[in-house]
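Okay, so the sequence shown: first residue is 913 according to my numbering, each after it adds one.
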Amino acid sequence: MEVGVRVFVSFVTFLFFLILIISGNVTADINKGIVSAWTFDDGTPKDSTGVSNGTVNGGVEFIAGKFGKAASFNGKDGFISVPHKKAYDVLANGLTVSAWINVRNGKDHSAIAFKGTKIGWGANYLFRICTTSNTGMTWGVCIAGTEGWFATNNVIQPNQWFFVCLTADGKQAIAHVASEKDGKVNIPQSGEGNPKPIVAPYLTFPDRPIEIGVGRAYGGTVGDDRYLDGIVDDLIIWDRALTEDEIAELAKGKRPNVGLAVDVQNKLASTWGNIKTK
């Protein structure tokens, strides 16, 4: 009988560890390649990876968001500036930028996030995710001499949470949108193409910060900046294009272990240590 019990316990333990390994690998997918992440959960623009903390400028408050706290921009002068770091150079080969947004009043070319000198009108940025109205958005990545922009209509609604995600895999850029209500990811149609062919290397603009909540130089006019009137939560940047399955998980509300890949061996060692001490 004692031998049978030991065999049973060993089998159950094996299954337990197998489940941990499988679940750990699934979680690791959306953690792979995170470069920076601003969750705003602690009421600051701190980068959870430690790469580059942001600085608040103008009218920005930290309020209840999709998860914990989020950054709320007043639409007049509020934005967050994030200094360029060498870690961002890898984005020349591919990237993903995602965020949860709740737009109060969508303005033309007010940015959720962008990095560059101007919000458009030429190859003036690395990436951009912007509103164009209460329901429309414009996206893009740039290479030398070419602005890979495209617009999508009727993809968001004011005062509601939406998941937005821009990927660029070195060959093309794709915009993804999902409503909090159903979590279903949509790749909206665009007259300019979505997917939008745009072949790396992408421009990285090492002398320019990542800016959250403002689009610079509307129409190419320096000083004509468009400020976001809305809320941004969980802005995350990866150094690769996420897969459709990974994007679907994020759209359903799954959050990565911000910047920290799951170490399955450490998890197993910790779990086994707990078992042995009982």
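Just so it is clear, CB atoms sit at the ideal spot from N, CA and C, and this is done for glycine as well.
Owing to the predicted nature of the structure, the values given are computational and were not obtained by experimental measurement.
Within the chosen definition, does the stretch 1048–1066 reach the stretch 1158–1167 through at least 3 CB pairs nearer than 8 Å? no
Proximity to S1010 [Cα-Cα], best of G987, R1040, T1029, N1036 = R1040
Coarse secondary structure for E1156, derived from DSSP in three states | helix
Which term fits T1050, buried or exposed, when burial requires 16 or more other beta carbons within 10 angstroms of its beta carbon? buried
(request) Keeping to the same chain, check which residues put their C-beta closer than 6 Å to that of S935; ignore five residues upstream and five downstream. (result) Since pLDDT at S935 reaches only 45, below the 50 mark, its modelled position is unreliable, and the value read off the structure follows with that caveat. Nothing listed; no residue qualifies.
- Message: Using a 10 Å radius around the Cβ and a threshold of 16 neighbouring Cβ atoms, would you call E1123 buried or exposed?
- Response: buried
*Is P1113 buried or exposed, if buried means 16 or more other CB atoms sit within 10 Å of its CB?*
exposed
Quiz item: With a cut-off of 8 Å, do at least 3 Cβ pairs link the stretch 939–948 to the stretch 968–988?
Solution: no
- Query: Quick one, are the C-beta atoms of I942 and K1166 less than 8 Å apart?
  - Reply: yes
*Burial state of V1015 (16 or more Cβ within 10 Å)*: buried
Using beta-carbon positions only, say whether N965 and K958 come within less than 8 Å of one another.
-> yes
*What residues in its chain sit with their C-beta under 8 Å from that of F1117, if we drop five residues either side in the sequence?*
H996, K1027, G1028, T1029, Y1037, L1038
| field | Nearest-angstrom Cβ-Cβ length linking G962 and K981, presumed shorter than 8 Å | value | Their Cβ separation, rounded to whole angstroms, is 19 Å, which puts G962 and K981 out of contact at 8 Å.
**Request:** Could you please give me the residues that DSSP links to T1079 through a beta bridge?
**Result:** T1008, I1086
**Proximal residues to E1092 (C-beta, below 6 Å), its chain only, five neighbours per side dropped** = W1073
Per the contact definition of three or more C-beta pairs closer than 8 Å, is the stretch 999–1006 in contact with the stretch 1138–1154?
yes
Which residues in the same chain have their Cβ closer than 8 Å to the Cβ of G1135, if we skip the five residues on either side of it in sequence?
A1129
What separation, rounded to the nearest whole angstrom, lies between the Cα atoms of S984 and K1083? 34 Å
Assuming L1038 is part of the beta strand (DSSP E), what are its boundary residues?
1037–1043
_I'd like the list of long-range same chain contacts for N1071, defined as Cβ closer than 7 Å, with 5 residues on each side in sequence excluded._
N1014, R1016
Check your understanding: How would you label V1111, buried or exposed, when you count the other beta carbons within 10 angstroms and need 16 or more for buried?
Key -> exposed
Review point. Taking C-alpha atoms, which residue in G1103, D1145, A1056 lies nearest to G1125?
Key: D1145
Short of 6 Å in beta carbon distance, which residues of its chain neighbour G1018, apart from the five on each side in sequence? Order them along the chain. T1043, S1045, N1046
| said: From the DSSP secondary-structure annotation, give me the bridge partner or partners of R1138. | reply: G1127
Q: Mind checking which residues open and close the beta strand (DSSP E) that includes A949?
A: 946–950
### Query
Three-state secondary structure (DSSP) at N943?
helix
Problem - S993 - partner residues in DSSP beta bridges - result: T967, E1123
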